């Protein structure tokens with residue numbers, strides 16, 4: 001004869017184990033298929049005060065609530081900087097088509113060669129490269145000031161003997177509306193435009209969920 005008491009004594013343990021198993025499977029499915037994409041916070045974006053092409057002061061507060069791409073450049077750069085700007089213009093065009101450029105997303109380019117990159121030179125650079133200044137701000141400041149700002153992003157800028165500069169290649173910054181760096185990309189011809197656009201969309205979706 002079957003011992004009913006012995007069989008029933010095991011059942012209280014089976015139910016909690018089954019529930020735990022279901023919870024684990026459900027979490028795994030949610031994490032793998034349903035959780036919204038997210039980007040880690042790499043660091044806080046430091047405060048700054050630089051000048052635009054009209055000599056007006058610009059601080060990080062201007063970009064509160066907006067996703068922005070920030071690059072450090074100099075107009076005499078023979079390769080990486082113009083290639084980066086050209087790729088950013090491609091991104092600019094795509095964001096314009098989506099109605100996001102200048103509204104939800106802004107670009108910032110900061111020169112670390114203020115002696116050469118006067119407002120006039122930067123204006124000519126903007127016109128030559130196809131920069132739409134309605135959503136793309138070009139900034140300048142004292143050389144030491146900009147170098148210090150770049151170092152806070154863990155970027156390196158070195159002035160060479162010929163007066164040109166060597167700088168970190170991985171130094172294109174994606175910054176969210178709360179002044180946090182969310183991704184850092186390679187500059188130049190190796191820029192991953194599709195990845196950058198996808199990350200921008202991720203941050204915009206995140207901001208919409210949080211609002």
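Numbering (full-length UniProt numbering), first residue to last: 1 to 211.
All residues carry an ideal CB built from backbone N, CA and C; glycine is no exception.
As the structure is a computational prediction, the values presented were derived from the model and not from experiment.
- Of the other Cβ atoms in all chains shown, 16 or more fall within 10 Å of the Cβ of residue 92; this residue is therefore buried.
- When DSSP assignments are scanned along the stretch 138 to 190, the uninterrupted stretches of alpha helix (DSSP H) that are 4 or more residues long and fall wholly within it turn out to be 143 to 152.
- Around residue 42, the same chain offers 181 as residues with beta carbons nearer than 6 Å, after the five sequence neighbours per side are excluded.
- Within the stretch 44 to 101, the runs of beta strand (DSSP E) at least 3 residues long that lie entirely inside it are, in chain order, 49 to 51, 57 to 59 and 67 to 73.
- Annotation for residue 121: the continuous alpha helix (DSSP H) segment containing it runs 119 to 129.
- Inclusion of residue 110 and residue 88 in the CB contact set at 8 Å is not warranted, their separation being larger than that value.
- A buried status is given to residue 171, since no fewer than 16 other beta-carbon atoms sit within 10 Å of its beta-carbon.
- Of all alpha-carbon atoms in 22, 176 and 190, the one lying nearest the alpha-carbon of residue 208 is that of 176.
- In terms of Cβ geometry, residue 58 and residue 112 do not form a close pair [threshold 8 Å].
- The DSSP-derived three-state label of residue 106 is strand.
- Judged by pairs of C-beta atoms under 8 Å, the stretch 50 to 65 touches the stretch 119 to 128, as three or more such pairs exist.
- In this structure, residue 199 lies near residue 39, with their beta-carbon atoms less than 8 Å apart.
- The alpha-carbon of residue 188 is positioned some 33 Å away from that of residue 210.
- Looking only at 64, 63 and 84, the smallest Cα-Cα distance to residue 73 is reached by 84.
- Closest option to residue 139, judged by alpha-carbon separation, among 185, 107, 102 and 67: 107.
- Shortest Cα-Cα distance from residue 165 to any of 186, 184, 149 and 143 involves 143.
- Of the candidates 136, 119, 148 and 22, 136 places its Cα closest to the Cα of residue 63.
- Nearest Cα to residue 131 within the set 159, 148 and 102: 102.
- Ranked by Cα distance from residue 77, the options 148, 192, 160 and 99 are led by 160.
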